[in-house]
Amino acid sequence: MRRTQLQQLFTIDSPLLPTQVAERSDLRSATPTTMRSPFQLLVDWDKDASYFIYRSYNAHLPTFPLHLLEIAAHGVPWLIVPLLVLLFYPSLSPTNSALLVNLLAVTIIDLGLIALFKPLFRRSRPHYNRSIAPLSLHAVDQFSFPSGHATRAGLVAAFVPVAAAHYQLPLSWAVWGVVVPCVVLWALATGVSRVALGRHHILDVVVGLLLGVAYVAFWVPFWVPPAVGQSLRDQLRGMLFGAKELHPKLVERAVRSTMSVTSMRLARRLCRLHSLVSDSGLLACAGHASH
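Here the numbering used here is used: the first residue of the sequence shown is 3, the next is one more, and so on.
What follows is the structure, encoded as structure tokens:
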């Protein structure tokens with residue numbers, strides 16, 4: 003099947019009204035099953051089942067926990083936080099340095115491929131998706147397949163046991179008995195939350211989780227050992243602090259600009275979460291975020 007045919011099956015060009023959804027559903031049900039390909043049947047089931055999950059969850063349960071999961075699996079924290087720890091935490095051990103270098107490498111692979119796949123497949127988000135998620139790049143995140151949050155969740159769920167197997171971590175029994183199951187449950191909950199929030203279809207999430215695991219499997223032959231991780235960290239710190247000595251004001255301005263933009267976006271996201279709990283606090287929170 004050609005790429006244009008895949009896009010036609012995946013894409014809904016604009017949000018549909020409820021009456022339009024019903025008309026499309028009636029038209030689809032009137033079409034004999036034998037006239038539709040297995041792929042078309044799968045896509046139709048995906049849309050119907052995803053909408054059923056979204057409608058069932060939102061009719062009975064609050065969305066506040068889902069928004070917390072959305073923030074936890076966003077790409078910005080998983081990229082910025084390990085990088086800041088590598089650069090500015092002075093007493094980082096070689097093992098932890100290698101751990102963060104490997105995590106950064108897989109995260110960069112994830113973000114790069116998601117930025118490639120989404121415009122390639124151009125599958126629109128569900129018609130009932132209320133808005134594009136904050137902290138997102140509009141050109142990429144107007145599309146749905148695959149789910150970037152799901153790839154990140156699958157990546158972390160696969161990364162933790164692989165890292166535990168590579169390094170002699172303290173309290174390894176706790177890592178395998180507690181941390182790994184909790185991370186896997188978090189990844190599954192994140193996947194379900196993407197469908198329940200109306201951000202993605204089921205297939206977007208399933209493929210995303212599998213891609214996240216595949217990223218880690220791909221990176222295993224290139225796994226960075228502690229000595230190399232420490233060396234890479236020292237080189238990064240040398241580049242940063244060497245540049246700071248040559249151009250201190252320029253580096254300081256760049257760091258402040260990056261942190262202010264990130265904190266502003268996070269503040270806006272927290273404002274939206276606050277509004278879900280208390281509408282009366284929305285204006286005050288928005289004013290705080292603008293500062």
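Glycine residues also receive a C-beta, built at the ideal position from the N, C-alpha and C atoms.
Bear in mind that the values here come from a model prediction, so they are computed numbers and not experimental data.
DSSP, read as helix, strand or coil, puts Phe54 in helix.
When secondary structure is reduced to three states using DSSP, Ser126 falls in the strand class. At the C-beta level, Leu118 and Val218 stay beyond 9 Å of one another. Distance from Asp46 to Ile204 at the Cβ level is roughly 12 Å; contact not present, criterion being Cβ atoms closer than 8 Å.
Around the beta carbon of Ser58, fewer than 16 other beta carbons lie within 10 angstroms, which makes this residue exposed. Taking 9 Å as the cut-off, the Cβ atoms of Gly214 and Ala165 do not count as close.
The region 91-99 and the region 110-129 do not touch, with fewer than three beta-carbon pairs separated by less than 8 Å. Apart from the 5 residues on each side of it in sequence, Ile111 sits with its Cβ closer than 8 Å to the Cβ of Tyr217, Phe220, Trp221 in its chain, given in chain order. Taking 8 Å as the upper bound for CB-CB distance, Asn104 and Trp225 are in contact here, some 6 Å apart. DSSP places Pro183 in the uninterrupted alpha helix (DSSP H) bounded by 182-198. In the three-state reduction of the DSSP assignment, Phe147 falls in the coil class, being assigned neither a helical nor a strand state. Contact between Arg196 and Ser126 fails: their C-beta atoms lie close to 15 Å from each other, not under 8 Å. The three-state reading of DSSP puts Val226 in coil, since its state is none of H, G, I, E or B. Tyr169 carries a coil assignment under DSSP once its states are collapsed to helix, strand and coil. The Cβ atoms of Arg235 and Ser146 lie no closer than 9 Å to each other. Pairing Val177 with Gly193 gives a Cβ-Cβ distance that is not under 9 Å. Exposure of Arg132 is indicated by the presence of fewer than 16 other C-beta atoms within 10 angstroms of its C-beta. Residue nearest to His129 within the set Leu242, Pro228, Phe243, Tyr56 is Tyr56 (criterion: CA-CA distance). Taking Ala100 as reference, the option from Leu242, Ala229, Leu238 with the minimal CA-CA separation is Ala229. In the three-state DSSP reduction, Thr109 falls in the helix class (H, G or I). For the pair Arg38 and Leu44, the Cα-to-Cα distance works out to about 10 Å.
Judged by their CB atoms, Ala152 and Val209 are nearer to each other than the 9 Å cut-off.
Per the coordinates, the alpha-carbon of Leu68 lies some 9 Å from the alpha-carbon of Ala191.
Nearest neighbour of Cys184 by Cα position, chosen from His168, Ala167, Val162, Ala198, turns out to be Val162. Remark: C-beta atoms of Ala198 and Asn98 do not approach each other more closely than 9 Å.
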